[in-house]
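Per our numbering, the sequence shown runs over residues -9 to 106. Below you'll find the structure, written out as structure tokens, and then a few comments.
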Amino acid sequence: MAKAEEGLWYQCQRCTNCCQWEGDVVLEEGEVEVIADYLGIPLYEFVKDYTRLRENRLGLSLIDKSGTTECIMLDGRNCRLQEVKPVQCAGFPNRWNFPNWREVCEATPIVCEPEV
Ligand code: SF4
Ligand code: SF4
-9 MAKAEEGLWY QCQRCTNCCQ WEGDVVLEEG EVEVIADYLG IPLYEFVKDY
41 TRLRENRLGL SLIDKSGTTE CIMLDGRNCR LQEVKPVQCA GFPNRWNFPN
91 WREVCEATPI VCEPEV
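The structure is reproduced here in structure tokens:
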């Protein structure tokens, strides 16, 4: 996975495209507990109602809304998990991205001052 260009930070414009792509919204170890706690529901209930096995069966993913590829946690243009969103979500597009990602992501570049 590529990283964004050196010296630029891409500011999310909340277009929600990345919340509507097909594929896993990976939940890393420890995130399930944090998110269940944030939602104020028991862990088993969160796992039962909001997650599924990842395609590689090596962990959990959030589910999509029924009949769509839209993440179950997307509420209009907002993420219900904004304060505890999965690392995969928080890292895109600056910590990871893919070829031609700018064609599908509306984040705008901001020039960062070099660290001294
Ligand atoms: S958890 Fe939030 S940021 Fe991540 S895909 Fe779902 S709605 Fe989008
Ligand atoms: S696709 Fe890019 S601009 Fe749109 S919500 Fe995701 S990170 Fe933000």
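Positions of the beta carbon are idealized from the N, C-alpha and C atoms, including for glycine.
| query | result |
| --- | --- |
| Nearest-angstrom Cα separation, counted from residue 1 out to residue 31 | 32 angstroms |
| Distance cut-off 8 angstroms: residue 61 Cβ against heavy atoms of ligand 4 | Ligand 4 is absent from the structure shown, which contains only ligand 1 and ligand 2. |
| Inter-residue Cα distance where the pair is residue 94 and residue 59 | 15 angstroms |
| Boundaries (first-last residue) of the beta strand (DSSP E) holding residue 43 | 41 to 43 |
| Closer than 7 angstroms: residues whose CB approaches a heavy atom of ligand 2 | 2, 3, 4, 5, 6, 7, 8, 9, 82, 83, 94, 95, 96, 97 |
| DSSP beta-bridge partners of residue 69 | 64 |
| Cutoff 8 angstroms; reference residue 17; Cβ partners in own chain excluding five residues on either side | 25, 41, 49, 50, 51, 52, 76 |
| Chain-order list of residues whose beta-carbon lies under 6 angstroms from that of residue 9 (same chain, five-residue window excluded) | 61, 64 |
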